[in-house]
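Protein chains in written order, with our numbering: chain U, 1 to 534; chain S, 535 to 847. For each residue, glycine too, the CB sits at the ideal point set by N, CA and C. Just so you know, these numbers come straight off a predicted model, no measurement behind them. Please read the structure below before turning to the comments.
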């Protein structure tokens, strides 16, 4: 019975989390976001005290239920192990000693790496993040292909409820990492069940420490047990020493396989009678975790330096700051050059600084909080977020950055911040998003069609939601782009659409700390038209 | 000869040919448009002062009714402007009420199916939804088709085009019996104005080519595509006078309450441009795609020479 509940719960959660990642049409309710928020590392990074306490309490009461049912990677391993049994019916597990040195050193290294700002390791090992990448980079293409197949079938019958989507590889490196993760963890599970959880996984080790003291535990009923060893053979955590009737609770993920398999009803999941101070001892674990909380001190220092137009949206919540708007001068200088004589040679553009998603505040903030689960990558409706390689440095490998080859960031869209479970990309209101500058427009006059071919274009300005790129009179009836970086949000509409070849004439340069821009709107003037005009 | 000089000479040659053909262009007045029954009573109908659907009803009535343009069993495609993720108040997209009314009348005239699409600039899902057109069109019984993938487009030849010789046009237009062009009147940073002719850019896949090969000429060129719209209906209920075609704020928008309908796309755009000129100065000669289209024989800019019906509601 207990096992049935566990399996049902696990399958439901895994399916929903997976679908939540895959769904691109809004079929899955947004409320399911909570399934990503209740994951351990996201809760820790977003400092969600309520969820963290609940998870710790859950573990202290019932053992590693988190590992068993909530963690999608855990369930994936159960699936791999279950599959291996289909191939090898005689497969059985065997009790083994805990790899304490290994698991504690992995945990220790991860914590140290995190503290020194090398977040890549946390991102790599966190089971939720790793599973997210597997879904995003490996399952999603299949899901989209399935959609396209259905589209072809339905459309041929005149039914337009499906539409085509393009399928492409966003990042080879992230895909390879996801593939390796899938195979390595899958292989470990195929061979030995929950090996990853009990040797590598930092969350498993942390919760394993707590589960030693949990209230409910699986226990031998001495008088019934005949030490047949069935339980040990069925234990995917290899934590039951049936010969000595001992269970290593730090590795037990409360899967209840042992209870289910026992013919003599000799295993019970029940309250352990123990002294109260043991619970008290467990509490410091939480305070220890809390100490790791990243402090965002650098942002506030910079805030003090900035003199111009500092306007905070919500002091208590985020500290955006407005930096200098010097770059705006460059464009007008370039523009001045065209008056004097010869045509300038075309110039290749190269983005020097990456563009962090809106709501990421700064590279520092993103690096500290992001575990690269790639939910934002998967969910971005405009598909402009992709994993970085080394743009954010070594610690920021796989963290999200914007690129505008296939689209641009929709002005009113706030999806990435809305879905981010770790607070790396903070949720913005549409109003806040509209005033968030994540990059600044750069115009390269010599590449521009209006300058080079002397024909009309204006595609950049057309797409600019704030008119940071606007068209000003040029030769004859022509108009040419002029940029005002102070009101640029960095959405990349101009860059995406610029038709100049071989080099685009306009692009967005990233900024390491996002700014708040102020957009002045003209007064609405009452214009009454009471004639046809011809 | 460098590229620039080459382009200059091409432009000059083009201009020379243009002047020679001027006489041909004038013969457009005798050109007959595709109508089903008796020829329309007027060349252009301009309506002012009503709600979008009321102005349309009046205009189509003056034009002799939808039956003049749509026959029983026709597969109809309606092409509004749904380019932007903007609400209706911004006047960035065609008014959904107008689209609804056109669809209704198409069905009343016996259309077997009505399809609606646009190749949007902003994210197509958001543009379709937030413009209100997707919902309105579906409720009126039309199919709303996606247009965000190249595979929805078919390559067609544009023999009369100067710069544009082929284009990929959405299959809904290519496969239709009749199509109706329903733009909204807006300022446009590059083309100066976007009206009926510029609205063609939403039926093609590769807009970048237009921008890279003399936008104004390509706009005129695409309008020579052999399957012309049976009607151009310019939504000027709201017009976007500045910051077009996307618009920044309500200060860009004027509640102008106008509607123009014509089979002659040049006349429709000329009339609409004159109307726009009252909100913000916009000399017709700046909107060069209109005169280029006249040179290609697509219609006339000389509004005095055509039969115009002006109605105030």
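Put residue i into one of helix, strand or coil per three-state DSSP.
i              : result
residue 633(S) : helix
residue 791(S) : strand
residue 644(S) : coil
residue 773(S) : strand
residue 43(U)  : helix
residue 835(S) : coil
residue 731(S) : coil
residue 515(U) : strand
residue 378(U) : helix
residue 677(S) : strand
residue 722(S) : strand
residue 534(U) : coil
residue 5(U)   : helix
residue 103(U) : helix
residue 132(U) : helix
residue 560(S) : Interpretation of residue 560(S) is limited by its pLDDT of 40, a score under 50 that renders its predicted location unreliable; no figure is taken from the coordinates.
residue 267(U) : strand
residue 580(S) : strand
residue 116(U) : coil
residue 485(U) : helix
residue 158(U) : coil
Along the chain, where does the alpha helix (DSSP H) that runs through residue i open and close?
i              : result
residue 195(U) : 195 to 199
residue 745(S) : 741 to 746
residue 589(S) : 586 to 596
residue 609(S) : Here residue 609(S) belongs to no alpha helix (DSSP H); instead the beta strand (DSSP E) covers 609 to 614.
residue 188(U) : 172 to 192
residue 535(U) : Residue 535(U) lies beyond the range of chain U shown here (1 to 534); nothing can be said about it.
residue 273(U) : It is not in any alpha helix (DSSP H) - residue 273(U) carries neither H nor E in the DSSP assignment.
Which whole-angstrom value is the C-beta distance of residue i and residue j, which I expect to be below 8 Å?
i              : j              : result
residue 17(U)  : residue 72(U)  : 5 Å
residue 773(S) : residue 625(S) : 6 Å
residue 415(U) : residue 369(U) : Going by Cβ atoms, the distance from residue 415(U) to residue 369(U) rounds to 17 Å, so no, they are not a contact pair.
residue 496(U) : residue 407(U) : 6 Å
residue 132(U) : residue 367(U) : Wrong, their Cβ atoms sit about 18 Å apart, outside the cutoff.
residue 402(U) : residue 384(U) : 5 Å
residue 267(U) : residue 228(U) : At roughly 11 Å, the Cβ-Cβ gap does not stay under 8 Å, so residue 267(U) and residue 228(U) are not in contact.
Since residue i is in the beta strand (DSSP E), which residue starts that stretch and which ends it?
i              : result
residue 691(S) : 687 to 691
residue 439(U) : 436 to 443
residue 809(S) : No beta strand (DSSP E) holds residue 809(S); the alpha helix (DSSP H) holding it covers 799 to 811.
residue 819(S) : Unbroken run through residue 819(S): none, as it is neither H nor E.
residue 469(U) : 469 to 473
residue 216(U) : 216 to 220
residue 713(S) : 712 to 716
residue 702(S) : 700 to 704
residue 386(U) : 385 to 387
residue 426(U) : Element bounds for residue 426(U): n/a, residue is neither H nor E.
residue 361(U) : First-last for residue 361(U): undefined, no H or E at that position.
Chain S contacts made by the stretch 401 to 412 of chain U, where a contact means CB separation under 9 Å: For the stretch 401 to 412 of chain U, residues whose beta-carbon sits nearer than 9 Å to a beta-carbon of chain S comprise 407, 408, 410, 411, 412.
May I ask you to verify whether the stretch 130 to 137 of chain U touches the stretch 647 to 667 of chain S, counting CB pairs closer than 8 Å and requiring at least 3? no
If contact is defined by three or more beta carbon pairs under 8 Å, each pair taking one atom from either stretch, is the stretch 472 to 481 of chain U in contact with the stretch 421 to 429 of chain U? no
Got a sec: which bits of the stretch 485 to 496 of chain U sit with their beta carbon under 7 Å from any beta carbon on chain S, in order along the chain? none
Given a limit of 8 Å on CB to CB distance, which residues of the stretch 622 to 645 of chain S reach chain U? none
Can you pull out the residues from the stretch 792 to 815 of chain S whose beta carbon lies closer than 8 Å to at least one beta carbon of chain U? 792, 804, 805, 808, 809, 810, 811, 812, 813
Across the stretch 442 to 456 of chain U and the stretch 381 to 397 of chain U, are there enough close Cβ pairs to call them in contact, namely three or more that are closer than 8 Å? no
So, does the stretch 635 to 646 of chain S touch the stretch 599 to 614 of chain S, judging by three or more C-beta pairs under 8 Å? Result yes; three or more Cβ-Cβ pairs closer than 8 Å.
Please name the residues in the stretch 672 to 695 of chain S whose beta-carbon is closer than 8 Å to at least one beta-carbon of chain U, in chain order. 677, 678, 679, 680, 682, 683, 685, 686
Compile a chain-ordered list of the residues in the stretch 726 to 757 of chain S whose CB is closer than 7 Å to at least one CB of chain U. 742, 745, 746, 748, 749, 750
Of the residues that make up the stretch 768 to 781 of chain S, which ones have a beta carbon closer than 7 Å to any beta carbon in chain U? Along the stretch 768 to 781 of chain S, going in chain order, the ones with a CB nearer than 7 Å to a CB of chain U are 777, 779, 780.
Below 8 Å, how does it come out for the stretch 788 to 802 of chain S and the stretch 824 to 842 of chain S: are there three or more Cβ pairs, yes or no? yes
Is there contact between the stretch 200 to 215 of chain U and the stretch 147 to 159 of chain U, where contact requires at least three CB pairs shorter than 8 Å? Three or more Cβ pairs closer than 8 Å define a contact, and the stretch 200 to 215 of chain U falls short of that threshold against the stretch 147 to 159 of chain U.
Examine the Cβ distances between the stretch 672 to 682 of chain S and the stretch 592 to 600 of chain S and report whether three or more of them are shorter than 8 Å. no
When you check each C-beta in the stretch 447 to 461 of chain U against every C-beta of chain S, which residues fall closer than 7 Å? 449, 453, 455, 456, 457, 458, 459, 461
Between the stretch 378 to 393 of chain U and chain S, which residues of the former have a C-beta closer than 8 Å to a C-beta of the latter? 381, 382
Between the stretch 165 to 177 of chain U and the stretch 216 to 231 of chain U, are three or more C-beta pairs nearer than 8 Å? no
For the stretch 479 to 489 of chain U against the stretch 437 to 447 of chain U, are there 3 or more C-beta pairs whose distance is under 8 Å? yes
Would the stretch 178 to 194 of chain U count as touching the stretch 228 to 245 of chain U if we require 3 or more Cβ pairs under 8 Å? yes
Count the C-beta pairs between the stretch 67 to 81 of chain U and the stretch 248 to 267 of chain U that are closer than 8 Å, then say yes if the count reaches three, no if not. yes
According to a CB-to-CB cut-off of less than 8 Å, which residues of the stretch 600 to 617 of chain S neighbour chain U? none
Pair every Cβ in the stretch 39 to 56 of chain U with every Cβ in the stretch 242 to 249 of chain U, then say whether three or more of these pairs are closer than 8 Å. Short answer: they don't touch.
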